[in-house]
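Trainee:
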Amino acid sequence: MRVVSRLRDAGLGVALQQFVRHPTVAQLAAALDVPQAASAGLVVLLSSVADPELPVLFCVHPGGGSTHPYRALARCLAGRFTVYGVQAPGLNADEVPLVGFESIADRYWREIRRVRPAGPCTILGWSTGAVIAHAMGVQAPEEVAGLYLLEPAVTGDDQQDRFQRHAEVYSRVNELWRRGQDEHGAERAATERELRRLAPEMNLDEDLVTLDEWLPFAVLEAEVRSLAAYRPGRSAARATLFVSDTVRDGSGDEVPEAQYLAHWRGLYPAGLAQRAMPGRHMEMVRGDEQLDAVVSVLRAAAPGDGAAREQELLQV
1405 MRVVSRLRDA GLGVALQQFV RHPTVAQLAA ALDVPQAASA GLVVLLSSVA
1455 DPELPVLFCV HPGGGSTHPY RALARCLAGR FTVYGVQAPG LNADEVPLVG
1505 FESIADRYWR EIRRVRPAGP CTILGWSTGA VIAHAMGVQA PEEVAGLYLL
1555 EPAVTGDDQQ DRFQRHAEVY SRVNELWRRG QDEHGAERAA TERELRRLAP
1605 EMNLDEDLVT LDEWLPFAVL EAEVRSLAAY RPGRSAARAT LFVSDTVRDG
1655 SGDEVPEAQY LAHWRGLYPA GLAQRAMPGR HMEMVRGDEQ LDAVVSVLRA
1705 AAPGDGAARE QELLQV
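In the working numbering, each residue carries its 1-based index in the sequence shown increased by 1404.
#1: Rounded to the nearest angstrom, how far is the Cβ of M1540 from that of Y1512, given a contact under 8 Å?
#2: Apart from the five residues just before and just after T1650, which ones in its own chain have a Cβ nearer than 6 Å to its Cβ?
#3: With a CB to CB cut of under 6 Å and the five nearest residues on each side skipped, what residues in its chain are close to T1641?
#4: Is it buried or exposed, L1612, if we count other Cβ atoms within 10 angstroms and call 16 or more buried?
#5: Since Y1634 and T1526 are thought to touch, with beta carbons under 8 Å apart, how far apart are those beta carbons, to the nearest angstrom?
#6: Name the residue from E1625, R1600, R1518 and A1557 whose alpha carbon lies nearest to the alpha carbon of V1664.
#7: Just how far apart, CA to CA, sit D1586 and P1466?
#8: How long is the line joining the alpha carbons of F1646 and L1619, rounded to whole angstroms?
#9: Would S1531 and E1555 be called neighbours here (beta carbons separated by less than 8 Å)?
#10: Taking only runs that begin and end inside the segment 1550 to 1590, name each unbroken alpha helix (DSSP H) of 4 or more residues, in chain order.
#11: In the DSSP assignment, the alpha helix (DSSP H) including R1479 goes from what residue to what residue?
#12: Under the assumption that R1652 contacts E1661 (Cβ atoms under 8 Å), give the Cβ distance between them as a whole number of angstroms.
#13: Can you tell me the Cβ-Cβ gap for L1695 and C1463, rounded? I've got them flagged as a contact below 8 Å.
#14: List the whole-angstrom C-beta distance separating T1644 from A1674, where the pair is believed to meet the contact cut-off of C-beta under 8 Å.
#15: Secondary structure at L1665, three-state DSSP: helix, strand or coil?
#16: Considering just the uninterrupted stretch of the beta strand (DSSP E) at R1638, what are its terminal residues?
#17: Looking only at its own chain, which residues have a Cβ that is under 6 Å from the Cβ of A1603, when we skip the five neighbours before and after it?
#18: Assess, as a yes-or-no matter, whether the segment 1624 to 1632 is touched by the segment 1591 to 1598 under the definition of 3 or more beta carbon pairs within less than 8 Å.
#19: To test your reading of the DSSP string, which unbroken beta strand (DSSP E) runs of 3 or more residues are found completely within the segment 1481 to 1526?
#20: Just the C-alpha distance for V1447 and G1469, rounded to the nearest angstrom, thanks.
#21: If S1639 and H1538 are in contact, beta carbons under 8 Å, what's the gap, nearest whole angstrom?
#22: With a threshold of 7 Å on Cβ separation, who are the neighbours of A1680 within its own chain once the five nearest residues in sequence on each side are excluded?
#23: Taking only three categories from DSSP, how would you classify L1599?
#24: Thinking C-beta only, is R1690 closer than 8 Å to P1473?
#25: With 16 other CB atoms within 10 Å as the buried threshold, where does V1487 fall?
#26: Give me the Cα-Cα distance between E1693 and E1506, rounded to the nearest whole angstrom.
#27: Smallest Cα separation from G1489: which of G1483, D1498, V1500 and L1477?
#28: Report the three-state DSSP secondary structure of V1628 (helix, strand or coil).
#29: If you draw a straight line from the C-alpha of P1493 to the C-alpha of A1509, how long is it?
#30: What does F1646 pair with, by DSSP beta-bridge criteria?
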């Protein structure tokens, strides 16, 4: 949001929706210069170029629907993978968010096949995106070359009420934001104060929640309602689970570590590889140490002569 404000100060008419949908400078520049079709796909290129000689990695968005958090990972994987992000529908005003991870998984497979019509895919997801990635593996395990789950949430009957409470908060926030767009003066100020009072329940700073800046509240509500309703099936996909200190020390709102691991291991009867990751959940694709952990696993699994290709790119 601060980047958008700076671009506007520089005289560029940038909407937050545009910034969310176009994760690189080149893509954002193109979006500002050329009208974008409303029917544009949900898959966006995160690598600087799409190299047809490299294996492809699809990163499923975390909560909120944007693939911006994966940009650093894409840079770290230059020369090893061509990295795409899968964004959520609903980041544009004319899009309706999807509810239900089975439906979402089906849609994302269709979107991926627009980019990669055939062949198995490597899929990574973080947080909510990891739950969606699991659902994709359940639907089409034969299409998955590798599945990388970065601390997905545990869902089920005993977690439903928790997610429903979060969904109601997002629903209320979305209602307030929409109402405030038609208000003025004291009425608008009162609505904004009420909106900001809900910021802590969304784990956001109050100064980030205003009536002047759009956030994907409807997408967040749809995702959390999907988490509340989701009862994951078993998967035959080859998968790796990454677990951070947040689960290990019980400092988050997840279930205890033993229950967490038992839940996910039980969904992979053929076996689930596990990797401990240093740091907190929110750092899993942001910190250098965390990125190194993910990249090392992905590089080890990459087919072909990626190392030679990486060296070739470094010499250009």
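Every residue, glycine too, gets a C-beta built ideally from N, C-alpha and C.
Mentor: Here's the rundown:
#1: Counting from 1 along the sequence shown, the entry for residue 1540 is found at position 136. Counting from 1 along the sequence shown, the entry for residue 1512 is found at position 108. About 6 Å; that satisfies the 8 Å criterion.
#2: One-based indexing of the sequence shown puts residue 1650 at position 246. Result list for T1650: G1656, R1684 and H1685, in chain order.
#3: Start at 1 with the first residue of the sequence shown, and residue 1641 comes out as number 237. In the sequence as presented, Thr is not what sits at residue 1641; that position holds Ala. Only G1541, P1545, V1548 and L1551 meet the Cβ criterion.
#4: To locate residue 1612, count along the sequence shown from 1; it is residue 208. Label assigned to L1612: exposed.
#5: As a position in the sequence shown, residue 1634 is number 230, starting the count at 1. As a position in the sequence shown, residue 1526 is number 122, starting the count at 1. Not really, about 23 Å apart at Cβ, beyond 8 Å.
#6: Here residue 1664 corresponds to residue number 260 of the sequence shown, with the count starting at 1. The identity of residue 1664 in the sequence shown is Tyr, whereas the question assumes Val. The residue with the shortest Cα to Cα distance from Y1664 is A1557.
#7: To locate residue 1586, count along the sequence shown from 1; it is residue 182. To locate residue 1466, count along the sequence shown from 1; it is residue 62. Taking the straight line joining both Cα atoms gives about 31 Å.
#8: Here residue 1646 is taken as the residue at index 242 of the sequence shown, counted from 1. Here residue 1619 is taken as the residue at index 215 of the sequence shown, counted from 1. If you take the alpha carbons of F1646 and L1619, they lie about 28 Å apart.
#9: Translated into the one-based positions of the sequence shown, residue 1531 becomes position 127. Translated into the one-based positions of the sequence shown, residue 1555 becomes position 151. Cβ distance < 8 Å, so S1531 and E1555 count as in contact.
#10: 1564 to 1584
#11: If you number the sequence shown from 1, residue 1479 lands on position 75. Start and end: R1475 to C1480.
#12: In the sequence shown, counting from the first residue as 1, residue 1652 sits at position 248. In the sequence shown, counting from the first residue as 1, residue 1661 sits at position 257. Between E1661 and R1652 the Cβ distance is about 5 Å, and since that is below 8 Å, they are a contact.
#13: Taking the sequence shown and counting its residues from 1, one reaches residue 1695 at position 291. Taking the sequence shown and counting its residues from 1, one reaches residue 1463 at position 59. About 13 Å separates the two Cβ atoms, so there is no contact after all.
#14: Taking the sequence shown and counting its residues from 1, one reaches residue 1644 at position 240. Taking the sequence shown and counting its residues from 1, one reaches residue 1674 at position 270. About 13 Å; that fails the 8 Å criterion.
#15: In the sequence shown, the residue the question calls residue 1665 occupies position 261. Here L1665 sits in helix by DSSP.
#16: On the sequence shown, position 234 is the one that residue 1638 refers to. Here R1638 belongs to no beta strand (DSSP E), and DSSP marks it neither H nor E.
#17: For the purposes of this step, residue 1603 is taken as residue 199 along the sequence shown, with counting starting at 1. The answer, listed in chain order, is E1610 and V1613.
#18: no
#19: 1486 to 1490
#20: In the sequence shown, the residue the question calls residue 1447 occupies position 43. In the sequence shown, the residue the question calls residue 1469 occupies position 65. Roughly 12 Å separates the two Cα atoms.
#21: Residue numbering aside, residue 1639 sits at position 235 when the sequence shown is read from its first letter. Residue numbering aside, residue 1538 sits at position 134 when the sequence shown is read from its first letter. The distance from the Cβ of S1639 to that of H1538 is about 6 Å, consistent with a contact at the 8 Å cut-off.
#22: Taking the first residue of the sequence shown as position 1, residue 1680 is located at position 276. V1647.
#23: Numbered from its first residue, the sequence shown carries residue 1599 at position 195. Of the three classes helix, strand and coil, the one that applies to L1599 here is helix, per DSSP.
#24: Position 69 of the sequence shown, counting from 1, holds the residue named residue 1473. Position 286 of the sequence shown, counting from 1, holds the residue named residue 1690. Their beta carbons are under 8 Å apart, which means P1473 touches R1690 by this criterion.
#25: Here residue 1487 corresponds to residue number 83 of the sequence shown, with the count starting at 1. Under this definition V1487 is a buried residue.
#26: Walking along the sequence shown from the start, residue 1693 turns up at place 289. Walking along the sequence shown from the start, residue 1506 turns up at place 102. Rounded to the nearest angstrom, the two C-alpha atoms are 33 Å apart.
#27: Working through the sequence shown from its first residue, we reach residue 1489 at position 85. If we check each option's Cα against that of G1489, L1477 comes out closest.
#28: Against the sequence shown, residue 1628 aligns to sequence position 224. In this structure, V1628 counts as helix in the three-state DSSP scheme.
#29: The residue you call residue 1493 lines up with position 89 of the sequence shown. The residue you call residue 1509 lines up with position 105 of the sequence shown. So the two alpha carbons sit approximately 12 Å from each other.
#30: Here the question's residue 1646 lines up with position 242 in the sequence shown. Note: F1646 sits in a beta bridge opposite L1554 and R1679.
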